[in-house]
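Down below is the structure, laid out as structure tokens.
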Amino acid sequence: MIDRRTFSKAVSLGTGAAAVALTGLQSQASATTATTATTAARQPGGGTAPTVPAITPGTHTAFPGLKHVKAGVLDVGYAELGPHHGPVVICLHGWPYDIHSYVDVAPLLAGLGYRVIVPYLRGHGTTRFLSSRTPRTAEQSAIALDIIALMDALKIHKAVLAGFDWGSRTADIIAALWPDRVKALVSTSGYVITDRTAQLKPAAPAVERNWWYQWYFATERGKKAMENPDERLALCRYVWTLVSPNWDFDDATYQRTAQAFLNPDYAAIVLFNYRWRIGLVDGEPRYDRYEQRLSAQPTIGVPTITLDPALDPFTPPGDGSAYRSHFTGPYEHRALADVGHNLPQEAPTVFAQAVVDAAHL
Numbered sequence: 004m005i006d007r008r009t010f011s012k013a014v015s016l017g018t019g020a021a022a023v024a025l026t027g028l029q030s031q032a033s034a035t036t037a038t039t040a041t042t043a044a045r046q047p048g049g050g051t052a053p054t055v056p057a058i059t060p061g062t063h064t065a066f067p068g069l070k071h072v073k074a075g076v077l078d079v080g081y082a083e084l085g086p087h088h089g090p091v092v093i094c095l096h097g098w099p100y101d102i103h104s105y106v107d108v109a110p111l112l113a114g115l116g117y118r119v120i121v122p123y124l125r126g127h128g129t130t131r132f133l134s135s136r137t138p139r140t141a142e143q144s145a146i147a148l149d150i151i152a153l154m155d156a157l158k159i160h161k162a163v164l165a166g167f168d169w170g171s172r173t174a175d176i177i178a179a180l181w182p183d184r185v186k187a188l189v190s191t192s193g194y195v196i197t198d199r200t201a202q203l204k205p206a207a208p209a210v211e212r213n214w215w216y217q218w219y220f221a222t223e224r225g226k227k228a229m230e231n232p233d234e235r236l237a238l239c240r241y242v243w244t245l246v247s248p249n250w251d252f253d254d255a256t257y258q259r260t261a262q263a264f265l266n267p268d269y270a271a272i273v274l275f276n277y278r279w280r281i282g283l284v285d286g287e288p289r290y291d292r293y294e295q296r297l298s299a300q301p302t303i304g305v306p307t308i309t310l311d312p313a314l315d316p317f318t319p320p321g322d323g324s325a326y327r328s329h330f331t332g333p334y335e336h337r338a339l340a341d342v343g344h345n346l347p348q349e350a351p352t353v354f355a356q357a358v359v360d361a362a363h364l
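One gets this note's numbering by counting positions in the sequence shown from 1 and adding 3 to each.
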């Protein structure tokens, strides 16, 4: 989920722009015409961005097969679609989700000639630590470095990065600290790099309420729930219903993703991440220098499209002005009506179009 302090600041701004329908993209999700662009024509290497074919969410239910590669401290499990020599898009999932958030997005992009990589983050699915001695930590920079290591292992110098939730944060960090590795960025919920100092201050009551599970995970009671597989799966499913109120997913859809939550390191990674954010645990010293740079809330200069799903309780209200100053390069902002937190799975055509358009900024 996004940084509560980012949301709290946005609440205080109260800009309140409405989402309106963008016809022709997707019947079940309306994207806005409330788009702010800082570039005139889109010409990434030339040409106009193609229109992504509209599909019904849930058209695809599985990836054709998973791959593995040793990268950094991990053996990363990932899905790959599209031509090997196509321009690369890396799609990054959040919590409590997995690669199936992109089960419709990936084929759409692959059909347009992109090489699409969708990795399981540390502690999820088929991704495993290479050594039992590696601390099961989950600082924001550690997850970003996992993706840099994956790119190195696959010999990918540069890619379009697209994500939501933990995935947005990871993509934002890479774009901020290693911009030479990023062709373009699609960041759901805008700028979500965690400011741990700001996290120590109370947020508005409505914001604190949205983060109930973070406070739950800070307790021994919450820890026990996450460490019990049955209680863990029930909790994660409940989160889905709260943050995507219009998404009518079925049991099969949830169960496909829930298999990723049975990773032996899942509880440790999730608990560490949320406890670390609010200062209850310290990170590994090896990541300190990156976290120091991130504490300054560095700007992002790569071409970027930010997406705000209107029904996501973590989406700051308004037109993205709360975080606009963090993006200094070519930029567009899009609000999405009738869509919740799991944007790529709820509105795959809209998300895929944002990826294509970002690549052409």
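No residue lacks a Cβ here, since even glycine has one placed at the ideal position from N, Cα and C.
Bear in mind the structure is a predicted one, so any value in this text is a computation, not a measurement.
If you reduce the DSSP assignment to three classes, tell me which class residue i lands in.
i      : result
Phe317 : coil
Lys73  : strand
His2   : Absent from the structure is residue 2, since the part of the chain shown begins at 4 and ends at 364.
His127 : coil
Ser190 : strand
Ala82  : strand
Phe369 : Outside the displayed span of the chain (4 to 364) sits residue 369, for which this structure offers no information.
Asp253 : coil
Val353 : helix
Ile159 : coil
Pro60  : coil
Pro122 : strand
Tyr117 : coil
Tyr334 : strand
Thr51  : coil
Gln29  : Residue confidence is low: Gln29 scores 42 on pLDDT, short of 50, so the model does not pin down where it sits. No coordinate-derived value is stated.
Val358 : helix
Val185 : strand
Ile150 : helix
Distance, Cα to Cα, residue i vs residue j?
i      : j      : result
Val185 : Pro312 : 24 Å
Pro267 : Thr51  : 45 Å
His103 : Leu346 : 12 Å
Gly68  : Ala82  : 7 Å
Asp101 : Tyr123 : 6 Å
Ile303 : Arg172 : 12 Å
Ser190 : Ala57  : 21 Å
Ala350 : Arg136 : 40 Å
Arg240 : Glu287 : 31 Å
Ile308 : Leu133 : 35 Å
Leu297 : Ala179 : 8 Å
Asp315 : Val284 : 28 Å
Gly225 : Val242 : 14 Å
Ser192 : Ile151 : 22 Å
Phe354 : Val108 : 7 Å
Gln258 : Thr62  : 16 Å
Val72  : Gly80  : 7 Å
Leu188 : Val358 : 8 Å
Ala206 : Leu236 : 28 Å
Gln295 : Ser144 : 10 Å
Ile177 : Ala147 : 6 Å
His160 : Glu223 : 43 Å
Leu111 : Leu274 : 34 Å
Ala44  : Gly321 : Unreliable positioning characterises Ala44 in this predicted model, as indicated by a pLDDT of 36, which lies under 50. The coordinate reading is nonetheless provided below. Approximately 25 Å between the Cα atoms of the pair.
Trp215 : Glu335 : 32 Å
Trp218 : Gly126 : 21 Å
Should residue i go down as buried or exposed, given a rule of 16 or more other Cβ atoms within 10 Å for buried?
i      : result
Asn231 : exposed
Glu142 : buried
Pro86  : exposed
Leu265 : exposed
Ser30  : Note on Ser30: pLDDT 40, under 50, position unreliable in the model; the coordinate value appears next. Looking at its Cβ environment, which holds fewer than 16 other Cβ atoms inside 10 Å, Ser30 is exposed.
Thr54  : exposed
Glu234 : exposed
Thr197 : buried
Ser328 : exposed
Arg421 : The question about residue 421 has no answer here: the residues shown for the chain are numbered 4 through 364.
Pro138 : exposed
Asp168 : buried
Gly282 : exposed
Arg118 : buried
Asp251 : exposed
Ala261 : buried
Leu245 : exposed
Leu164 : buried
Mind checking who residue i pairs with in its DSSP beta bridge?
i      : result
Cys94  : Ala165
Leu297 : According to DSSP, Leu297 bridges with nothing at all.
Pro312 : Leu339
Val195 : Partner(s): none; Val195 has no beta bridge.
Ile303 : Phe330
Phe132 : Leu77
Cβ of residue i less than 9 Å from any chain B Cβ?
i      : result
Pro333 : In summary, chain B is missing from the structure at hand, where a single protein chain is found.
Confirm the yes/no value for this check: CB of residue i, any heavy atom of the ligand SAM, distance under 8 Å.
i      : result
Ser192 : Inclusion of the ligand SAM in the displayed structure is not the case, the ligand content being empty and no account of it being possible.
**Study point:** Residue ranges of each alpha helix (DSSP H) within the segment 197-230, 4 or longer
**Key:** Counting only runs of at least 4 residues, the segment 197-230 fully encloses the following alpha helix (DSSP H) elements, listed from N- to C-terminal order: 199-202, 208-213, 215-220 and 223-230.
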